[in-house]
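*Asks:* Have a look at the structure that comes next, please.
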Amino acid sequence: MPLDFVRYTPEIETVDPDLDRLLEPIIAFWEKLVSESPAVEGGGRAVRGVHAKTYGVVKAEVQILRNVPPAYAQGIYARPGRHGALIRFSSASAHLGADATLGGVLGLAMKMFDVPGSKMVEEEPDSATFDLVLKNNPIFVANTAKHYLVIQEIGVKAPQYLARGKSGFHELLTDFLTGKGTFERSDWAWEELFAFLKLSQTPVRNPLLTTFWSMAAFRHGDYVAKIRLAPATENATRAIHRELDLRSRPDVFYPTLVDELQASAFDFDLQVQLCTNLEAMPVNDTTVEWPEKLSPFVTVGRVHIPRQDISGTESSEKTDALSFNQWRVTEEHRPLGEIMQVRRIYSASAKMRRTLNHQPQSEPASADEVLPYPVASGLGSDECTSLPQMPEPAP
């Protein structure tokens with residue numbers, strides 16, 4: 001039976017009519033956080049407002065596959081071929097510090113090069129790069145701009161809450177739910193609180209054995225989708241570090257990536273999940289995980305991380321200057337929903353960080369420009385004969 005994929009129309013997303021007004025304090029919050037970070041984080045340099053600690057930046061190659069079912073072969077995924085890429089693994093926290101204090105929530109941001117088409121970052125429409133910004137959870141922690149600001153403020157101050165023990169934890173949950181007493185009872189952040197508690201239980205895993213999701217939805221040409229990178233099955237047999245103990249030393253994730261990539265190459269499947277039901281698979285509620293039983297993830301590409309030596313690159317000026325943005329995509333992959341509109345302001349945070357650090361504002365032209373070292377040979381043939389022939393959308 002064919003799957004009935006939801007067709008993209010602008011009407012499927014809802015955005016608060018007062019969003020521009022709501023964005024003003026959000027932008028001010030992030031700019032203040034970044035401007036104070038050289039002193040607050042103790043490094044003398046501005047750090048990202050989120051994903052502050054880098055665990056490794058690596059060279060990669062993205063292979064867009066042939067023989068992908070037409071509904072999935074949309075936009076950039078309709079053109080088989082290869083793209084050089086950079087991947088940044090990071091903590092999702094706004095802070096620096098020992099890995100154990102930052103927890104198991106990880107980010108994976110990927111920048112593909114030589115992708116044609118105008119991009120939706122207003123300052124860089126002619127950029128030839130295309131970004132995916134992913135996290136090791138399928139959901140986000142806020143659904144609206146109004147909730148987002150309060151939740152982000154609480155998240156940044158979470159260490160102070162938790163330092164007060166049980167009473168601090170209870171205060172954190174109460175402030176989270178009620179917006180520090182500013183939310184009407186009918187607007188308490190129940191869905192966001194449940195999402196926060198789920199995210200707080202994220203297990204610690206080797207980043208190369210971890211799945212990363214877009215969390216929110218994107219336009220996918222004629223349809224609507226979420227994206228993920230799933231580790232190839234062979235990664236488990238290649239990995240040296242199957243279990244990680246963040247309490248064993250201050251830095252665990254970075255040495256793990258160094259060890260793994262000096263020994264072996266690793267691969268991820270680039271996958272697309274198409275929306276089939278806007279109620280069960282909402283665009284505007286990012287705290288809801290889309291059920292795979294309604295629409296499975298289908299592989300449209302392969303991401304190859306070749307064997308390489310990344311030791312000594314964690315503090316590189318060129319890797320630190322990188323900026324990843326959900327809106328550095330073409331119109332065919334437009335981010336959808338109010339939260340993705342909110343996340344558009346991350347470009348202001350990135351601009352301030354680069355300005356304070358005296359870094360260039362422009363995009364790199366290639367992975368070699370950022371990491372000028374050779375790597376082992378990449379992927380083989382771009383033919384793919386093993387993709388499942390998924391049902392086409394109902395007429």
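Each residue of the sequence shown is one higher than the last, beginning at 1 in UniProt numbering.
For glycine and all other residues, C-beta sits at the position ideal for the given N, C-alpha and C.
(1) So V250 is in the beta strand (DSSP E); what residue range does that whole segment cover?
(2) Please report the residue range of the alpha helix (DSSP H) in which Y161 lies.
(3) Could you tell me whether the Cβ atoms of E123 and S349 are closer together than 8 Å?
(4) For the candidate residues L22, R21, N136, H358, whose alpha-carbon lies nearest to that of H51?
(5) What do you get for A92, buried or exposed, if any count of 16 or more other CB atoms within 10 angstroms of its CB means buried?
(6) Which residues mark the beginning and the end of the alpha helix (DSSP H) in which P25 is found?
(7) Looking at the structure shown, is R82 part of a helix, part of a strand, or coil, going by DSSP?
(8) Closest by CA to A158, which one among G49, M112, A94?
(9) By alpha-carbon positions, which one of S295, S366, R334, V300 ends up nearest to K318?
(10) Should Y8 be labelled buried (16 or more other beta-carbon atoms within 10 Å of its own) or exposed?
(11) With a threshold of 16 other CB atoms inside 10 Å of the CB of Q262, please say whether the residue is buried or exposed.
(12) Does L197 come out as helix, strand or coil in the three-state DSSP assignment?
(13) Just how far apart, CA to CA, sit L86 and G301?
(14) CA-CA distance, V47 and A321?
(15) Can you check whether the CB of V62 is closer than 8 Å to the CB of R82?
(16) Which whole-angstrom value describes the C-beta separation of T299 and L108, a residue pair presumed to lie in contact below a C-beta threshold of 8 Å?
(17) Taking 7 Å as the line, does the beta carbon of L149 fall inside it for any heavy atom of the ligand MN?
(18) Using the three-state DSSP reduction, which class does K318 fall into: helix, strand or coil?
(19) Strictly by DSSP, which residues pair up with L108?
(20) By DSSP, does K293 sit in helix, in strand, or in coil?
(21) Applying the criterion that 16 or more other CB atoms from any shown protein chain within 10 Å of the CB defines a buried residue, is V21 buried or exposed?
(22) Please work out which residues of its chain come closer than 6 Å, Cβ to Cβ, to S295, disregarding the five sequence neighbours upstream and downstream, and give them in chain order.
(23) Helix, strand or coil: how does DSSP classify A225 here?
(24) Evaluate contact between the segment 209 to 225 and the segment 281 to 291, counting only Cβ atoms and requiring at least three cross-stretch pairs below 8 Å.
(25) Which word fits L257, buried or exposed, when buried means at least 16 other C-beta atoms lie within 10 angstroms of its C-beta?
(26) Using only alpha-carbon positions, find the residue among K59, Q326, M215 that is nearest to R228.
(27) Would you say A189 and G179 are within 8 Å of each other, going by their C-beta atoms?
(28) Please determine, among V370, V115, L199, the residue with the shortest C-alpha to C-alpha distance to R88.
(29) I'd like the list of long-range same chain contacts for R334, defined as Cβ closer than 6 Å, with 5 residues on each side in sequence excluded.
(30) Near P80, what residues of its chain come up, given a Cβ to Cβ distance below 7 Å and the 5 sequence neighbours on each side ignored?
(31) Taking a contact to mean a Cβ-Cβ separation below 8 Å, would you say residue 438 touches I26 in this structure?
(32) What do you get for H147, buried or exposed, if any count of 16 or more other CB atoms within 10 angstroms of its CB means buried?
*Replies:* Reading it off the structure:
(1) Per the sequence shown, residue 250 should be read as Pro rather than Val. Looking at the DSSP string, P250 is not in any beta strand (DSSP E), and its letter there is neither H nor E.
(2) The continuous alpha helix (DSSP H) containing Y161 extends over residues 158 to 162.
(3) no
(4) N136
(5) Buried is the label assigned to A92, since at least 16 other Cβ atoms lie within 10 Å of its Cβ.
(6) 19 to 40
(7) strand
(8) A94
(9) Answer by Cα proximity: S366.
(10) Its Cβ being crowded by 16 or more others within 10 Å, Y8 is buried.
(11) exposed
(12) helix
(13) 15 Å
(14) Between V47 and A321, the C-alpha separation is close to 10 Å.
(15) yes
(16) Not a contact, Cβ separation roughly 17 Å.
(17) For the ligand MN, the structure offers nothing, since it holds no ligand at all.
(18) helix
(19) F89, L134
(20) coil
(21) As written in the sequence, residue 21 is Arg, which differs from the Val given in the question. By the neighbour-count rule (16 or more Cβ atoms within 10 Å), R21 is not buried but exposed.
(22) Q273, L274, T276
(23) strand
(24) yes
(25) buried
(26) M215
(27) yes
(28) V370
(29) R219
(30) Only I64, L65, R66, D382 meet the Cβ criterion.
(31) A query on residue 438 cannot be resolved here, the shown segment of the chain reaching from 1 to 395 and no further.
(32) Burial check for H147: the Cβ neighbour count within 10 Å reaches 16 or more, so the residue is buried.
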